[in-house]
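Engineer: All the letters of the sequence shown, read from the start, carry residue numbers 160 to 663 under my numbering. Glycine included, every Cβ here is placed at the ideal spot set by N, Cα and C. Everything numeric in this text was worked out from a predicted model, so none of it was measured. For reference, the structure I am asking about is given below.
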Amino acid sequence: MLIRNGKIIDGTSNNWFYGDIAVQGGKILAVGKHLSFTAARIIDANGLMVAPGFIDVHTHLEEDESKDPMAQSFIYDGVTTCITGNCGLSNTDIGKYLSWIDSLKVSINIATLIGHNDVRKAVMGRANRDATAAEQLQMESIVEKAMKDGAVGMSTGLIYIPGTYSKTPEIVGLAKIVSRYNGVYATHMRDEGDSVTTAIEEALTIGREASLPVQISHFKLSGQQNWGRSNETIGLVKQAREQGTEVTIDQYPYTASSTSISTLIPDEILADGQDSIKARLERPAIRKYVIDEMLKKLKKRKLKHFSYAVVAFYRADTTYNGKSIEQINRLKGKKHKAKEEAETVIDIMINGGASAVFHGMSEEDVKRIMQYPFNMFASDASIRVLNSGMPHPRGYGTNARVLGKYVREENVLSLEEAIRRMTSLPAQKFQLASRGMLRDGFAADIVIFDEKQVKDVSTFEKPHAYSEGFRYVIVNGILTVDDGKHTGARAGLPLYGPARVNPK
Ligand SMILES: [Zn+2]
160 MLIRNGKIID
170 GTSNNWFYGD
180 IAVQGGKILA
190 VGKHLSFTAA
200 RIIDANGLMV
210 APGFIDVHTH
220 LEEDESKDPM
230 AQSFIYDGVT
240 TCITGNCGLS
250 NTDIGKYLSW
260 IDSLKVSINI
270 ATLIGHNDVR
280 KAVMGRANRD
290 ATAAEQLQME
300 SIVEKAMKDG
310 AVGMSTGLIY
320 IPGTYSKTPE
330 IVGLAKIVSR
340 YNGVYATHMR
350 DEGDSVTTAI
360 EEALTIGREA
370 SLPVQISHFK
380 LSGQQNWGRS
390 NETIGLVKQA
400 REQGTEVTID
410 QYPYTASSTS
420 ISTLIPDEIL
430 ADGQDSIKAR
440 LERPAIRKYV
450 IDEMLKKLKK
460 RKLKHFSYAV
470 VAFYRADTTY
480 NGKSIEQINR
490 LKGKKHKAKE
500 EAETVIDIMI
510 NGGASAVFHG
520 MSEEDVKRIM
530 QYPFNMFASD
540 ASIRVLNSGM
550 PHPRGYGTNA
560 RVLGKYVREE
570 NVLSLEEAIR
580 RMTSLPAQKF
590 QLASRGMLRD
600 GFAADIVIFD
610 EKQVKDVSTF
620 EKPHAYSEGF
630 RYVIVNGILT
640 VDDGKHTGAR
650 AGLPLYGPAR
660 VNPK
């Protein structure tokens, strides 16, 4: 394959230049001006940008690959590689997972982390206590096997059950194993709001004590009372780097987050699974306590209603999907009071819980984080299936939104710089050898797009829409999007971590 006359952005943040790229056997054969190769397929990239395929460092695939192995929500957003197993959630048998990926054949390359929550669950269930010495050893051996089997590192999700019950030394112990096998520590921190600086300190402590690189996931400031604090939090990251900690961050370019509605409920209520949650919330005294706590938190946010919390998917009553807690109450004819809204959240929890979108960040913080040079972009999403549920739009539009809204329309960062954050920066951080740049001998993961047309189409109201502007997407040398249409090709590969690529 020969790509002709494109504006080449090589992934280093150097300026674009006119040139050709020759591809053979899944690899880049040559990059240069007026290449004199013959090719079975010639792509005229005149007027288009040619860049390395994007690497999404924070995804949650976990067997959703089988729902759409063509991974269209990612491919149409220019993504050719995903790193999954984030926020402490992954398969515990990484070898089995990666060989399943290999046999399934997906349109994107996939690397994975081993998730601490699932490791802990496998050994200790949902117990709210420290690990015994024997349990710690058992967890360490699962992590060690995962690293040998090809994980790129370990993730934590310290707001989720049971990760939230673990203390720093437990994680340091596991991170030391990851460090021995040259992996990365990626963390969904204990707090992204009032106590965010303490949470950042914990992540940095783990990086220092276990001596391994740290990736702080979906870096943000949650809660109206914390808006503007990105100066302080980015400052901590900068300072840590100056002091020798290998820390980087990632973000999704939106001012709303998406997670379980259970995050509105105090942690201690959530132990031991749904039956226990239900039993607790049905006791009047506990119910009253939970409502009081929820109202306190709301007040702290300087809000009078739960309008910032929108139900994304509620299995027990799908008419709730896409509506805020405030709207749901109005529709049900309940009192327009925060207390009644808290009752509704509790009822949702009793009936199995729901996923939710929280409109709780400021545009100013999103932009300030975006301008930090060692920040990557990540969707924090699985492969989206068209018209299923009301998911956060980031699963469809993350990269196109950066290139359209933040690069073209608002000049928050340059095109070349945005591409570096989507390509060579994540490849370096997660040690994906020979990817993330347009270089001779590198894997031929390439996106060709129109910088004037690229845009995200997915919105909170109508999330199910693919991004536009990506005319050609090539994965391991195979044309996967041809003139804007997915070809059906499934040329992605499992990508292995450092301990499997270079075993000791
Ligand atoms: Zn997370």
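Counting along the chain, where does the beta strand (DSSP E) carrying V633 start and finish?
Structural biologist: Counting from one through the sequence shown, the residue named residue 633 turns up at place 474. The residue you asked about is not Val; residue 633 is Ile in the sequence shown. 629-634 is the extent of the beta strand (DSSP E) around I633.
Engineer: A281 by DSSP, collapsed to three states: which one?
Structural biologist: Here the question's residue 281 lines up with position 122 in the sequence shown. DSSP places A281 in helix when its eight states are reduced to three.
Engineer: Between the Cα of I168 and those of K494, G206, L194, spot the shortest distance and give me the residue it belongs to.
Structural biologist: As a working mapping, residue 168 is identified with position 9 in the sequence shown. Among K494, G206, L194, the Cα nearest to that of I168 is on G206.
Engineer: Just grab the DSSP bridge partners of K614 for me.
Structural biologist: The residue given as residue 614 occupies position 455 in the sequence shown. Paired residues: E627.
Engineer: Look at the alpha carbon of F196 and the alpha carbon of Q530, and state the distance between them as a whole number of angstroms.
Structural biologist: Your numbering for residue 196 matches position 37 in the sequence shown. Your numbering for residue 530 matches position 371 in the sequence shown. Whole-angstrom Cα-Cα distance: 40 Å.
Engineer: What does the Cβ neighbour count give for G366, buried or exposed, with the cut at 16 atoms within 10 Å?
Structural biologist: Along the sequence shown, one-based indexing puts residue 366 at 207. The residue is buried, with at least 16 neighbouring Cβ atoms inside 10 Å.
Engineer: Using CA atoms only, rank isn't needed, just tell me which of H464, K482, K255 is closest to F619.
Structural biologist: As a first step, residue 619 is located in the sequence shown; it is residue number 460 there, counting from the start. The residue with the shortest Cα to Cα distance from F619 is K482.
Engineer: Taking DSSP's pairing of strands, which residues face L638 in a bridge?
Structural biologist: Reading the sequence shown from its first residue, position 479 is the one you call residue 638. Bridge partners of L638: I633.
Engineer: Please check the pair I607 and A204, which I expect to be a contact at CB under 8 Å, by giving their CB distance rounded to whole angstroms.
Structural biologist: Residue mapping note: residue 607 aligns to position 448 of the sequence shown, counting from 1. Residue mapping note: residue 204 aligns to position 45 of the sequence shown, counting from 1. Contact holds; Cβ gap of about 5 Å.
Engineer: Buried or exposed: H495, going by 16 or more other Cβ atoms within 10 Å of its Cβ?
Structural biologist: Residue numbering aside, residue 495 sits at position 336 when the sequence shown is read from its first letter. By the neighbour-count rule (16 or more Cβ atoms within 10 Å), H495 is not buried but exposed.
Engineer: Do V311 and I242 have their C-beta atoms within less than 8 Å of each other?
Structural biologist: In the sequence shown, the residue the question calls residue 311 occupies position 152. In the sequence shown, the residue the question calls residue 242 occupies position 83. Contact flag set, yes.
Engineer: Determine the direct distance from the alpha carbon of Q384 to that of K447, and round the result to whole angstroms.
Structural biologist: Locating residue 447 in the sequence shown gives position 288, counting from the first residue. Locating residue 384 in the sequence shown gives position 225, counting from the first residue. Looking at the two C-alpha atoms, the distance is approximately 25 Å.
Engineer: Counting Cβ pairs, one atom from each stretch, are 3 or more of them under 8 Å apart for the region 359-374 and the region 320-331?
Structural biologist: yes
Engineer: Which residues have their C-beta within less than 5 Å of a heavy atom of ligand 1, listed in chain order?
Structural biologist: C246, H347
Engineer: Contact between the region 563-570 and the region 418-432: three or more CB pairs below 8 Å?
Structural biologist: no
Engineer: Less than 8 Å between the beta carbons of G274 and G247, yes or no?
Structural biologist: In the sequence shown, counting from the first residue as 1, residue 274 sits at position 115. In the sequence shown, counting from the first residue as 1, residue 247 sits at position 88. Contact: yes.
Engineer: Only counting the same chain, and skipping five residues up and downstream in sequence, which positions put a Cβ closer than 8 Å to that of Y177?
Structural biologist: Against the sequence shown, residue 177 aligns to sequence position 18. The answer, listed in chain order, is N164, G165, K166, I167, K192.
Engineer: Does DSSP put G163 in a helix, a strand or coil?
Structural biologist: On the sequence shown, residue 163 is found 4 positions in, with the first residue counted as 1. Reading off the sequence shown, one finds Arg at residue 163, where the question assumed Gly. R163 falls in the strand class under three-state DSSP.
Engineer: If I follow the unbroken beta strand (DSSP E) through Y177, where does it start and stop?
Structural biologist: For the purposes of this step, residue 177 is identified with residue 18 of the sequence shown, where counting begins at 1. Where Y177 is concerned, the enclosing beta strand (DSSP E) stretches over 176-183.
Engineer: According to DSSP, simplified to helix, strand and coil, what is M535?
Structural biologist: Taking the sequence shown and counting its residues from 1, one reaches residue 535 at position 376. Of the three classes helix, strand and coil, the one that applies to M535 here is strand, per DSSP.
Engineer: Determine whether the Cβ of A471 lies closer than 8 Å to any Cβ atom of chain D.
Structural biologist: You won't find chain D in this structure, because it holds only one protein chain.
Engineer: Which residue comes first and which comes last in the beta strand (DSSP E) that contains D215?
Structural biologist: Counting from 1 along the sequence shown, the entry for residue 215 is found at position 56. Here the beta strand (DSSP E) through D215 covers 213-215.
Engineer: Can you tell me the Cα-Cα spacing of A345 and S593, whole angstroms?
Structural biologist: As a first step, residue 345 is located in the sequence shown; it is residue number 186 there, counting from the start. As a first step, residue 593 is located in the sequence shown; it is residue number 434 there, counting from the start. The alpha-carbon atoms of A345 and S593 are separated by roughly 22 Å.
Engineer: If you compare alpha carbons, which of F378, A362, A415, G432 is closest to T404?
Structural biologist: In the sequence shown, the residue the question calls residue 404 occupies position 245. T404 has its Cα closest to that of A362, out of F378, A362, A415, G432.
Engineer: Whole-angstrom Cβ separation of M535 and T171, contact assumed at under 8 Å?
Structural biologist: The residue given as residue 535 occupies position 376 in the sequence shown. The residue given as residue 171 occupies position 12 in the sequence shown. Wrong, their Cβ atoms sit about 15 Å apart, outside the cutoff.
Engineer: Would A515 and K463 qualify as a contact pair, given that the criterion is a beta-carbon distance under 8 Å?
Structural biologist: Taking the first residue of the sequence shown as position 1, residue 515 is located at position 356. Taking the first residue of the sequence shown as position 1, residue 463 is located at position 304. No, the pair does not count as a contact, with Cβ atoms beyond the cut-off.
Engineer: Give a yes or no on whether the C-beta atoms belonging to V634 and G651 are separated by under 8 Å.
Structural biologist: As a working note, residue 634 is residue 475 in the sequence shown. As a working note, residue 651 is residue 492 in the sequence shown. Yes; because the gap between Cβ atoms is below 8 Å, this pair is in contact.
Engineer: Once DSSP output is grouped into helix, strand and coil, what is the label at K588?
Structural biologist: As a working note, residue 588 is residue 429 in the sequence shown. K588 falls in the helix class under three-state DSSP.
Engineer: Enumerate in chain order the residues of its own chain whose CB-to-CB distance from R349 is below 6 Å, with the five nearest sequence positions on each side excluded.
Structural biologist: For this step, residue 349 is matched to residue 190 along the sequence shown. The residues are L317, A358.
Engineer: V571: which of P228, R527, E222, D289 sits nearest, CA to CA?
Structural biologist: Along the sequence shown, read from residue 1 onward, the residue named residue 571 stands at position 412. When each option's Cα is compared against that of V571, the closest is R527.
Engineer: Bridge partners of I187, per DSSP?
Structural biologist: The sequence position of residue 187 within the sequence shown is 28, counting from 1. Bridge partners of I187: V182.
Engineer: Just to confirm, is the Cβ distance from A586 to I214 under 8 Å?
Structural biologist: In the sequence shown, the residue the question calls residue 586 occupies position 427. In the sequence shown, the residue the question calls residue 214 occupies position 55. Result yes, Cβ atoms of A586 and I214 sit closer than 8 Å.
Engineer: Distance, Cα to Cα, M508 vs M160?
Structural biologist: Here residue 508 is taken as the residue at index 349 of the sequence shown, counted from 1. Here residue 160 is taken as the residue at index 1 of the sequence shown, counted from 1. Rounded to the nearest angstrom, the two C-alpha atoms are 54 Å apart.
Engineer: For the beta strand (DSSP E) that contains M313, what are its first and last residues?
Structural biologist: Looking up residue 313 in the sequence shown gives position 154. Note, M313: beta strand (DSSP E), 312-316.
Engineer: Check for me: the beta strand (DSSP E) holding D203 runs from which residue to which?
Structural biologist: Here residue 203 corresponds to residue number 44 of the sequence shown, with the count starting at 1. Per DSSP, D203 is one residue of the beta strand (DSSP E) stretching across 201-203.
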